[in-house]
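Undergrad: Protein chains in written order, with my numbering: chain A, 421 to 766; chain B, 421 to 766. Take a look at this one; I'll ask things after.
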């Protein structure tokens, strides 16, 4: 039910993903009548996916502004919580939502626990970089402050994700900082830097500055959730502004006729390319289950990407990889009551 | 002497500014022979400015990676320190540098002191926003952490700058946060929010998220220097990546001939518009003197903007306005030994 565009975008996006991947069977949580109406009114090219979509009636909703603590107290019957219970019960491989991120994280921790004793899961998405590359940025807002220990957790989780899911043999890991010299940054960043240098086998590259993210300086860039959130959202805002300027520039200088004839398809492609942060699901990394957050402003296309992102993580059994690699040989995926560290600042 | 492109860019940029503003008289600090060579080899269109540029021989340099503490100990004879001494002695109205920012701030505090008892100056630049607007973002890296009190100082300084220098009658001020709800963010951001609400006459708009910066949601957006630096540099990196993609897209889809005939001027204009964060000087706000930092990667054009930015601040006597408005009626610009709070994490 989540997302700024409502269930139409999520249902159509889910249908698009189902058509693209014939293995998918989808269970949709929300008010039955509303969802069935959306399925019945799928455009013709998506209609065939309707038969692979099952509706679970869950009329309770998590409001966009609801605090995580409130969601934990009163959200047990919401469509979001019902979806996560289904995942926790092993009836699904992954859960995808475009709803309230803080609530999704809090309810996800309670339903699923975390892997390998990770106390604070993180949110990560792939940022497009030069040369058609990608870079995982984390945390994006689950932890507005992060100690050195947490930054090290984020780095290790991101590294496992880049290696396992994207098949990068030796992902390059970096810490976001205000300069590349060793004396720069906060105490927690400098301590995390010292610890990361000591982890055997980790291709740790030290500090990168903000422009290094898009320059492709690393495959995984780590920061606290306040910084990551600000960087991600500012990037979205800048991309949107620049798209508008590109359009204005070409309309002003080349005339609307030429733009009409030749430029529209190119401009449409550009718009998708220039607003790329919107077109990736964000992984809730460290949960003992696969949960992907779709951008709240995403259209059907954005939600389709989020579903396919979840499929990728299922294919590579990401939570098990995280549990094995971060928890040592004996680690299993452990269920934890995830309320201890919860707060509403996320 | 500073900047990635060396003194050629600064000398040509300074000459460009001098031609544009006939009131300007410029004193250039650096190795005499090098600077005189650059002045002698000014392109014809800039050559007339040479007679308004005086060279002060100052062969000592501040290296780009030098720590602020090192600059304070050993940089007293550098071209940067000599320039700031000249400003402190009242022989100049403003100082402009493309060199080491941390050193400029540390040496600037020692030479000039701060206004109105401001313990921590901040760095601010104007970010372009939609609808041809601008937004001052601060701090950009002088303070990697900032208490609520410091965030309030930054907000008040930014507000005075937007009102006095840009003539905005009631600048809208906002705090950067990870969400707009009151429960979001770090303790210092939430405390600063509470204090800003109590300042009479301040048009405080509460929280904005990262995309609000470019959307023009406020005239002044306040954050700590770690966040501001990450946001600014990530925006630069994204803008550069998108410029490259725009160019590729049009070359691929419209063919090089059409691009050659019609698109090049438009693309050139776009490149300047899309990389706008580079084309503003950054103000060292709170110093008892006007010091503008030009982007280290700026070309002559970027340095010209930085000089003209300094001129604007001189015209509106920004330090005196800050002293008067932030310090109450009796406040004067007070010289302070600025070493107490200096550290190398900036």
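Cβ coordinates follow ideal geometry from the N, Cα and C atoms, glycine included. Since this is a predicted model, take the numbers as computed values, not measurements.
1. Give me the Cβ distance between residue 466 of chain A and residue 436 of chain A, rounded to the nearest whole Å; I'm assuming they're in contact under 8 Å.
2. Report the residue from A:424, A:433, A:441 and A:426 whose alpha carbon sits nearest the alpha carbon of residue 734 of chain A.
3. Check the Cβ of residue 655 of chain A against every Cβ in chain B and list those closer than 8 Å, keeping chain order.
4. Please identify, using Cβ separations under 7 Å, the residues of the stretch 584-603 of chain A that lie next to chain B, in order along the chain.
5. Would a check of beta-carbon distances place residue 555 of chain A closer than 8 Å to chain B?
6. Given a limit of 8 Å on CB to CB distance, which residues of the stretch 476-502 of chain B reach chain A?
7. My output table needs one value for residue 421 of chain A: the three-state DSSP class, helix, strand or coil.
8. State the start and end residues of the unbroken alpha helix (DSSP H) segment that holds residue 499 of chain B.
9. Could you tell me whether any Cβ in chain A is nearer than 8 Å to the Cβ of residue 606 of chain B?
10. Is it buried or exposed, residue 715 of chain A, if we count other Cβ atoms within 10 angstroms and call 16 or more buried?
11. For residue 604 of chain B, which residues does DSSP report across the bridge?
12. I need the straight-line Cα distance from residue 747 of chain B to residue 706 of chain B, nearest angstrom please.
13. Could you give the distance in angstroms between the alpha-carbon of residue 617 of chain B and the alpha-carbon of residue 487 of chain B?
14. So, at 6 Å on beta carbons, what are the nonlocal neighbours of residue 592 of chain B in its own chain, with the 5 sequence-adjacent residues on each side left out?
15. Thinking residue 598 of chain B and residue 646 of chain A are a contact (beta carbons under 8 Å), I'd like their distance in whole angstroms, please.
16. Going by C-alpha to C-alpha distance, which of B:727, B:704 and B:726 sits closest to residue 742 of chain B?
17. Of all Cβ atoms in chain B, is any one closer than 8 Å to the Cβ of residue 519 of chain A?
18. Mind checking who residue 542 of chain B pairs with in its DSSP beta bridge?
19. Consult DSSP for residue 517 of chain B and reduce its assignment to one of helix, strand or coil.
20. What distance in whole Å lies between the Cβ atoms of residue 513 of chain B and residue 710 of chain B, which are believed to be in contact at a cut-off of 8 Å?
21. Relative to chain A, which residues along the stretch 527-551 of chain B have a C-beta separation below 8 Å, given in chain order?
22. Would residue 702 of chain A be called buried (16 or more neighbouring beta carbons within 10 Å of its own) or exposed?
23. Select from the stretch 558-576 of chain B all residues with a C-beta closer than 7 Å to any C-beta belonging to chain A, and list them in chain order.
24. Going by beta carbon distance, what residues of the same chain come within less than 8 Å of residue 470 of chain B, once the five residues before and after it are set aside?
25. Excluding the 5 residues preceding and the 5 following residue 558 of chain B in the sequence, name in chain order all residues of the same chain whose CB lies nearer than 7 Å to its CB.
26. Which two residues bound the contiguous alpha helix (DSSP H) that contains residue 629 of chain A?
27. To the nearest angstrom, how far is the alpha carbon of residue 468 of chain A from that of residue 511 of chain A?
28. Using a Cβ-Cβ cut-off of 7 Å (strictly less than) and excluding sequence neighbours within five positions of residue 570 of chain B, which residues of its own chain qualify?
29. Below 7 Å CB to CB, which residues in the same chain sit around residue 582 of chain A once its five sequence neighbours on both sides are set aside?
30. In chain order, what residues of the same chain have a beta carbon less than 7 Å from the beta carbon of residue 508 of chain A, not counting five sequence neighbours either side?
31. What does residue 619 of chain B touch in chain A if you count any residue whose Cβ is under 8 Å from its own?
32. Can a CB atom of chain B be found closer than 8 Å to the CB of residue 434 of chain A?
TA: Let me lay it out:
1. The beta-carbon separation of residue 466 of chain A and residue 436 of chain A, rounded to 6 Å, stays under the 8 Å limit for a contact.
2. Closest by alpha carbon: A:441.
3. Residues of chain B with a Cβ closer than 8 Å to the Cβ of residue 655 of chain A are, in chain order, 630, 654, 655 and 658.
4. For the stretch 584-603 of chain A, the set of positions with a beta-carbon nearer than 7 Å to some beta-carbon of chain B reads 596, 598, 601 and 603 in chain order.
5. Taking CB atoms only, residue 555 of chain A has no neighbour in chain B less than 8 Å away.
6. Contact annotation: in the stretch 476-502 of chain B, residues whose CB is within less than 8 Å of a CB in chain A are 485 and 487.
7. Note: residue 421 of chain A maps to coil in three-state DSSP.
8. Per DSSP, the continuous alpha helix (DSSP H) segment holding residue 499 of chain B begins and ends at 499-508.
9. Answer yes: the Cβ-Cβ gap between residue 606 of chain B and chain A drops below 8 Å somewhere.
10. When all chains shown are included, residue 715 of chain A counts as buried.
11. For residue 604 of chain B, which the question treats as bridged, DSSP gives no partner whatsoever.
12. Residue 747 of chain B and residue 706 of chain B: Cα-Cα distance of roughly 11 Å.
13. Roughly 37 Å separates the two Cα atoms.
14. Same-chain partners within the cutoff: 623, 625, 638 and 639.
15. Yes, they are in contact, since the Cβ atoms of residue 598 of chain B and residue 646 of chain A sit about 6 Å apart, within 8 Å.
16. The shortest Cα separation from residue 742 of chain B among B:727, B:704 and B:726 belongs to B:704.
17. For residue 519 of chain A, the nearest beta carbon of chain B is not closer than 8 Å to its own beta carbon.
18. In DSSP, residue 542 of chain B forms a bridge with B:705.
19. Strand, per DSSP.
20. Rounded to whole angstroms, the Cβ separation of residue 710 of chain B and residue 513 of chain B is 7 Å, and the two are in contact under 8 Å.
21. Listed in sequence order: 548, 549 and 550.
22. By the beta-carbon neighbour count (other beta carbons within 10 angstroms, threshold 16), residue 702 of chain A is buried.
23. Cβ contacts with chain A: 561, 564 and 565.
24. The residues are 435, 459, 460 and 462.
25. The beta carbon of residue 558 of chain B is closer than 7 Å to those of 542, 543, 544, 574, 578, 642, 648 and 705 in its chain, skipping five residues each way along the sequence.
26. Where residue 629 of chain A is concerned, there is no enclosing alpha helix (DSSP H), given that its DSSP letter is neither H nor E.
27. Between the C-alpha atoms of residue 468 of chain A and residue 511 of chain A there is a straight-line separation of about 23 Å.
28. In its chain, beyond the 5 residues on either side, 540 and 563 have a beta carbon closer than 7 Å to the beta carbon of residue 570 of chain B.
29. Its chain contains 556, 588, 591, 639 and 640 as the residues whose beta carbon lies nearer than 7 Å to that of residue 582 of chain A, once the 5 sequence neighbours on both sides are disregarded; these appear in chain order.
30. So the qualifying residues of the chain are 531, 532 and 709.
31. Within 8 Å Cβ-Cβ: nothing; residue 619 of chain B doesn't reach chain A, min ~24 Å.
32. Chain B contact via Cβ: absent.
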